[in-house]
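Undergrad: Below: one structure in structure tokens.
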Amino acid sequence: MTERLQNGVPMLTQSQIATYHDAGVLHPVPVFAEQEARELRDEVEQLERQHASGAGQRPLSQYFRVNGQIVLPLLSRVARTPAILDAVEALLGPDLLVWSVELFIKEPGTDSLVSWHQDITYWGMGETDDEVTAWIALSDVSVEAGCMRFIPGSHRNPIVAHEDTHDSDNLLSRGQQIAGIDETKAQFGPLKPGEMSLHHGRCFHASGPNRSGDRRIGMAIRYVTPDVRQSDLGRDYAMLVRGRDARQGWINIAAPTTLFEPGALRLYEEVLAHQSATLAAGADQDVALYDHQGAKG
Ligand SMILES: O=C(O)CCC(=O)C(=O)O
């Protein structure tokens, strides 16, 4: 893979690239200065203040948690940040699309958590190696604040069995979890504001409650390549952010230019309707994909 340069420095070194392929996870990678991260957080919190009653019949948290890039220019803009794309290109190659952008917010003093899981379990992408999540910290995501933890090397597994817990504190769509994880093998991935981690779609990961005094805010960007086949859905929707999709395997959607454009809100509903069957497949009860707990992961 190419090494893209930021101010003459490779965005990822060969050693970082090797770590990602070996461990299935890499952190921390600085992408935004602390002040830039602060400004991004301010934009998120301004949206929360200005759209407290939601948009298009849905709460704002819906758009924050699933496919936010379709209706929120902030999320699609961050997903096109050159420094992030350069790092992802070093892992996946020059042609990149964004499948989903999601905010994972844990308020201080709540019990919100994320159970052990592999991201691509219910995404209908098979067991691809061509999906990576860039998770960007917009607050101090310390161990105390409930940063992610990972099992290094676990991406070498196929997709393993997940059981649905439907735990209301779990930020995942169905509270799905992998049983029997050996926590002693877990590696914490604390991040300062503006740093990111990169994790493979089959890497086992989880996170605990936020016991810090501040909100814990992260933006997860799911990147795929044109080679990812949507076996369950036929063609799925994604936003081309670098290079080209010569195979045209994805329905390429445009980035929004203004907030909650009517056409973008209609597209949002179309994409959700299309994806929901795959995301809920095999669940033993209704999956709350569309309420405040509706993360795809
Ligand atoms: O933010 C978290 O704690 C979990 C995020 C996650 O599971 C993911 O981005 O895949």
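For the sequence shown, the numbering used here begins at 240 and goes up steadily by one. Each residue gets a CB set at the ideal place from its N, CA and C atoms; glycine is no exception. What you are looking at is a predicted structure, and each value in this text was computed from that prediction instead of being measured.
1) Could you name the residues, in chain order, whose CB is less than 6 Å away from a heavy atom belonging to ligand 1?
2) At the level of alpha carbons, what is the spacing between Met250 and Leu479?
3) Hey, Gly457 and Leu336: beta-carbon distance below 9 Å or not?
4) Within its chain, find whatever has a CB closer than 7 Å to the CB of Pro432; leave out the 5 residues flanking it on each side and keep chain order.
5) Closest to Thr464 by C-alpha separation, out of Glu287, Ala291, Ala329, would be which residue?
6) DSSP on Gly457, reduced to helix/strand/coil?
7) For Pro321, count neighbouring Cβ atoms within 10 angstroms of its own Cβ and tell me buried if that reaches 16, exposed if not.
8) Quick one: what does DSSP say Ala485 is sitting in, helix, strand or coil?
9) Nearest-angstrom Cα distance between Asp453 and Ser315?
10) Thinking just about the alpha-carbon of each residue, which of Leu279, Cys386, Thr360, Asp421 is nearest to the one in Ala519?
11) With distances taken Cα to Cα, identify the nearest neighbour of Cys442 among Tyr259, Gln253, Leu352, Gln255.
12) Can you name the residues that DSSP bridges to Ala318?
13) DSSP state of Ser354, grouped into three classes?
14) Which ranges would you report for the beta strand (DSSP E) in the region 353-429 if only whole runs of at least 3 residues count?
15) Assuming Arg505 and Asp334 make a contact with CB atoms under 8 Å, what is their CB distance in whole Å?
16) Pick helix, strand or coil for Leu311, following the three-state DSSP scheme.
17) The beta strand (DSSP E) with Leu336 in it runs from where to where?
18) Which same chain residues, not among the five before or five after His356, have their C-beta less than 8 Å away from its C-beta?
19) How about Ala373 and Met435: do their beta carbons lie closer than 9 Å?
20) Straight-line CA distance for Gln253 to Gly440?
21) Rounded to whole angstroms, what is the Cα-Cα separation between Glu284 and Leu311?
TA: Reading from the atomic positions:
1) Phe343, Val353, Asp358, Thr372, Trp374, Met387, His444, Ser446, Gly457, Ala459, Gly536
2) To locate residue 250, count along the sequence shown from 1; it is residue 11. To locate residue 479, count along the sequence shown from 1; it is residue 240. Spanning the two alpha carbons is a distance of roughly 21 Å.
3) Reading the sequence shown from its first residue, position 218 is the one you call residue 457. Reading the sequence shown from its first residue, position 97 is the one you call residue 336. The answer is no: Cβ separation not under 9 Å.
4) Position 193 of the sequence shown, counting from 1, holds the residue named residue 432. Closer than 7 Å at Cβ, skipping near neighbours: Glu273, Ala276, Arg277, Ala376, Leu377, Ser378, Asp379.
5) Taking the first residue of the sequence shown as position 1, residue 464 is located at position 225. Checked all of Glu287, Ala291, Ala329; the closest Cα to Thr464 is Ala329.
6) Translated into positions along the sequence shown, residue 457 becomes position 218. Looking at Gly457 - three-state DSSP - the assignment turns out to be strand.
7) As a working mapping, residue 321 is identified with position 82 in the sequence shown. Per the 10 Å Cβ criterion, exposed.
8) Along the sequence shown, read from residue 1 onward, the residue named residue 485 stands at position 246. Reduced to three states, the DSSP call for Ala485 is coil.
9) As a working note, residue 453 is residue 214 in the sequence shown. As a working note, residue 315 is residue 76 in the sequence shown. Each residue's alpha carbon lies about 25 Å from the other.
10) Translated into the one-based positions of the sequence shown, residue 519 becomes position 280. Out of Leu279, Cys386, Thr360, Asp421, Thr360 has the C-alpha closest to the C-alpha of Ala519.
11) Against the sequence shown, residue 442 aligns to sequence position 203. Of the candidates Tyr259, Gln253, Leu352, Gln255, the one whose C-alpha sits nearest the C-alpha of Cys442 is Tyr259.
12) Position 79 of the sequence shown, counted from the start, is the residue given in the question as residue 318. Ala318 is not bridged to any residue.
13) Here residue 354 is taken as the residue at index 115 of the sequence shown, counted from 1. Here Ser354 sits in strand by DSSP.
14) 353-356, 370-376, 387-389
15) As a working mapping, residue 505 is identified with position 266 in the sequence shown. As a working mapping, residue 334 is identified with position 95 in the sequence shown. That belief does not hold up - the Cβ atoms of Arg505 and Asp334 are roughly 28 Å apart, past 8 Å.
16) Here residue 311 is taken as the residue at index 72 of the sequence shown, counted from 1. The answer is coil: DSSP assigns Leu311 none of H, G, I, E or B.
17) For this step, residue 336 is matched to residue 97 along the sequence shown. Run containing Leu336: 335-345, per the beta strand (DSSP E) assignment.
18) Here residue 356 corresponds to residue number 117 of the sequence shown, with the count starting at 1. Same-chain partners within the cutoff: His401, Leu411, Gln415, Gln416, Ile417, Phe443, His444, Ala445, Gly536.
19) Residue numbering aside, residue 373 sits at position 134 when the sequence shown is read from its first letter. Residue numbering aside, residue 435 sits at position 196 when the sequence shown is read from its first letter. Yes. Within cutoff.
20) In the sequence shown, counting from the first residue as 1, residue 253 sits at position 14. In the sequence shown, counting from the first residue as 1, residue 440 sits at position 201. Straight-line Cα distance between these residues: approximately 21 Å.
21) Taking the first residue of the sequence shown as position 1, residue 284 is located at position 45. Taking the first residue of the sequence shown as position 1, residue 311 is located at position 72. Their backbone Cα atoms lie some 13 Å apart in a straight line.
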